[in-house]
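Numbering (the working numbering), first residue to last: 3 to 751.
By construction, the Cβ of each residue, glycine as well, lies at the ideal position given by its N, Cα and C atoms.
As the structure is a prediction and not an experimental result, all values here were calculated from the model.
The structure appears below as structure tokens.
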């Protein structure tokens, strides 16, 4: 459960109640006032509380308290008879975001203090990185004022004012915005940075106004044996001769595990951790950083009194098993243990520290054999090494360039989608090993995000025709769509010609498996009529949102059971929304069948080749509604027995003939026949356990949806009201296609 701004295009979370206990299925949650007056978030599947305001001393009645979200972003639990009497507020329990008007305070009586605690990563789950102190001004200076507020603002042109109050029982800091129209928030980032963000309406995005400290100033940001360079993308990199300890975490921006040596140390040690005084040709080697902005911390740095020159300093390090690095700048300093907080130079100047890091044995020369051959071998090895080094350098530059572009694209994106690399998704899906579906747009693979192992569905698109800029723009549009009955897009990947989309995973699969598959339904049963009706209503609500509630109307273009996914509670989620916009439109031979639309669900105007509107989705929905009622495909192909081959109504063929049973015609015949019984149109697997009033309403709505003329079909908003029972459904006219079928006295076409 969370709070975000209502009017911004990005749904940026400001506060999350249950970050320590995320719900696996948000659809099964319920927020209510409990019998003791507390606000409670329940998991309806287990009927257990996930989160509660958990305060005592409330009048023990559910109607004694109310919950209100204020325009400040504060969620308040107040006395129902006096809403100014606040019993609990989210401003006293901050997440990672500090909003104008909320206090960072310290209770002098109890010692308790509010904290801003960063999320561990971009996904769900709480972390503990960055827990800054609260009783300080924005400049980091302590303010001592007894009972009197002090305002501090170094920049008179700044739109922000910070207020510090030192009262008898508490001290606190609040910040104010001079222009209330400027939406602002202060956030503690994953690395411990404090960042001030402001919403720029003209650009429709958040802009970073200020941050402190720089990333490379964050203690142990890059872990051990790595170097942090301000201004580079990414900031962290392993030292030469080292590789990432946890490559998977590095991919997702967490480098705190640091780096490890590629080759272990071969130290000529004697007893007690000291050198034997004798070196061999198997001595370890050193990598020297010529320009380090700062010397490392961590471990132990100690001067060596015996080393008076650079070579002596190196020998002193080699002679100690625990020495990991040395630096000679007029005097010798040795480091023991892991090195952290090493800063690289990001300029072209010559100033900086020289530090040499100990590596494993780089080569194995025995000292025997022909000297000439050895020389030739060394020359060849040097040339090969130079070529390899050049290739590696080029590869590193290319990778860094791509990474920088990816990060810039992420910063420039007007949506909150995650931008994945192709390598990321290979790791997420175990190299695309678990295929769970596929269709005209491409194949779908199951995966799990790192960290909390959130299950996702990764779709590899095929036949994408636009360039990257257009693809990103349209994906961004889809990513902004948020509705309970629409599948949620979590992120995407553009890698050369590859285009991939990452969606939330639906555990109960697609609707067609439950309607038409053998042993359909969860646990081997069938979908009950109540579940089917709610699915039909959920799909209608989702399409209504696409057609009428989005800023830009989106026509789905391929409504069918295969594109309706079911969550853990069998709630409907419309999938593949907007993908017709993403696919290339220059291939006219595929526009009407493969790329956009499926035979059996195509509206007449679509087949005729005229421009389609949202009413084409209405027609497809009507056909699918017939299928939900019957549990049968709207067109089923079956072979008649050979003895029926002489019937002139069919064409003979090897092994029998093919008969097309058009079920909607059967349902319409029963609907229009005064002696007909609609029970015969219902899926026989339901055993007659249906609400016949809802069955009749559904069949009437379906018949209205499949009218020949677009103008005669209802909007999806009207369909929702009809299925909810808010409006009466008149008897529909007979569609011309059905009239032809009835005139022949057959349901076969």
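{"Query": "Take every Cβ of the segment 251-269, pair it with every Cβ of the segment 307-317, and state whether three or more of those distances are shorter than 8 angstroms.", "Result": "no"}
{"Query": "Would you say the segment 476-490 touches the segment 432-447, given that touching needs at least three Cβ pairs under 8 angstroms?", "Result": "no"}
{"Query": "Whole-angstrom Cβ separation of residue 616 and residue 537, contact assumed at under 8 angstroms?", "Result": "21 angstroms between Cβ atoms; not a contact."}
{"Query": "Along the chain, where does the beta strand (DSSP E) containing residue 298 start, and where does it finish?", "Result": "That residue, residue 298, is in no beta strand (DSSP E); it is neither H nor E in DSSP."}
{"Query": "Using C-beta distances below 6 angstroms, list every residue in its chain close to residue 461, excluding the 5 sequence neighbours before and after it, in chain order.", "Result": "444, 446, 503"}
{"Query": "Identify whether residue 223 lies in helix, strand or coil by the three-state DSSP scheme.", "Result": "coil"}
{"Query": "Measure how close the beta-carbons of residue 707 and residue 715 come, nearest whole angstrom, since I'm counting them as under 8 angstroms.", "Result": "6 angstroms"}
{"Query": "From which residue to which residue does the alpha helix (DSSP H) around residue 624 run?", "Result": "617-632"}
{"Query": "Is it buried or exposed, residue 95, if we count other Cβ atoms within 10 angstroms and call 16 or more buried?", "Result": "exposed"}
{"Query": "Kindly indicate which three-state DSSP category residue 10 falls into: helix, strand or coil?", "Result": "coil"}
{"Query": "Can you list the alpha helix (DSSP H) stretches of 4 or more residues lying completely in the segment 689-728, in chain order?", "Result": "694-707, 718-725"}
{"Query": "For residue 512, count neighbouring Cβ atoms within 10 angstroms of its own Cβ and tell me buried if that reaches 16, exposed if not.", "Result": "buried"}
{"Query": "Tell me where the beta strand (DSSP E) around residue 108 begins and ends.", "Result": "106-109"}
{"Query": "With distances taken from CA atoms, which of 498, 58, 634, 457 is nearest residue 514?", "Result": "634"}
{"Query": "Where do the ends of the beta strand (DSSP E) carrying residue 450 lie?", "Result": "444-450"}
{"Query": "Going by Cα to Cα distance, which pick from 100, 98, 84, 171 is closest to residue 111?", "Result": "171"}
{"Query": "If distances are taken between C-alpha atoms only, which option among 102, 52, 164, 176 comes closest to residue 108?", "Result": "176"}
{"Query": "Drop a sphere of 10 angstroms on the beta-carbon of residue 35, count the other beta-carbons inside from all chains shown, and report buried for 16 or more, exposed for fewer.", "Result": "buried"}
{"Query": "Which residue's Cα is closest to the Cα of residue 24: 51, 9, 37?", "Result": "51"}
{"Query": "Fully enclosed by the segment 177-219, which beta strand (DSSP E) runs are 3 residues long or longer?", "Result": "186-190, 196-202, 207-214"}
{"Query": "Based on DSSP bridge pairs, tell me the residues matched to residue 437.", "Result": "447"}
{"Query": "Residue 549 and residue 718: beta carbons closer than 7 angstroms?", "Result": "yes"}
{"Query": "Check whether the segment 96-104 touches the segment 65-79, counting contact only when three or more Cβ pairs, one atom from each stretch, lie closer than 8 angstroms.", "Result": "yes"}
{"Query": "Quick one: measure Cβ to Cβ for residue 339 and residue 326, integer angstroms, because I've assumed they're closer than 8 angstroms.", "Result": "6 angstroms"}
{"Query": "For residue 308, which option in 336, 286, 603 has the closest C-alpha, if you only look at C-alpha atoms?", "Result": "336"}
{"Query": "Count the other C-beta atoms from every protein chain shown that fall within 10 angstroms of the C-beta of residue 225, then say buried if there are 16 or more, exposed otherwise.", "Result": "buried"}
{"Query": "Give the C-beta separation of residue 294 and residue 344 to the nearest angstrom, bearing in mind that I take them to be a contact with Cβ-Cβ under 8 angstroms.", "Result": "6 angstroms"}
{"Query": "CB residue 18 to CB residue 39, shorter than 7 angstroms?", "Result": "no"}
{"Query": "Which term fits residue 709, buried or exposed, when burial requires 16 or more other beta carbons within 10 angstroms of its beta carbon?", "Result": "buried"}
{"Query": "Output the distance between the C-alpha atoms of residue 698 and residue 482, rounded to the nearest integer angstrom.", "Result": "37 angstroms"}
{"Query": "Output yes or no for whether 7 angstroms exceeds the beta carbon distance between residue 605 and residue 722.", "Result": "no"}
{"Query": "Taking the straight line between their C-alpha atoms, what separation do you get for residue 164 and residue 202?", "Result": "21 angstroms"}
{"Query": "Of all Cβ atoms in chain D, is any one closer than 7 angstroms to the Cβ of residue 682?", "Result": "Of the protein chains in this structure there is only one, and it is not chain D."}
{"Query": "From residue 484 to residue 490, what does the alpha carbon distance come to, in whole angstroms?", "Result": "7 angstroms"}
{"Query": "Kindly provide the ranges of any beta strand (DSSP E) runs that are 3 or more residues long and lie completely inside the segment 67-120, ordered along the chain.", "Result": "67-71, 77-81, 84-91, 106-109"}
{"Query": "Under the rule that 16 or more other beta-carbon atoms within 10 Å means buried, what is residue 48, buried or exposed?", "Result": "exposed"}
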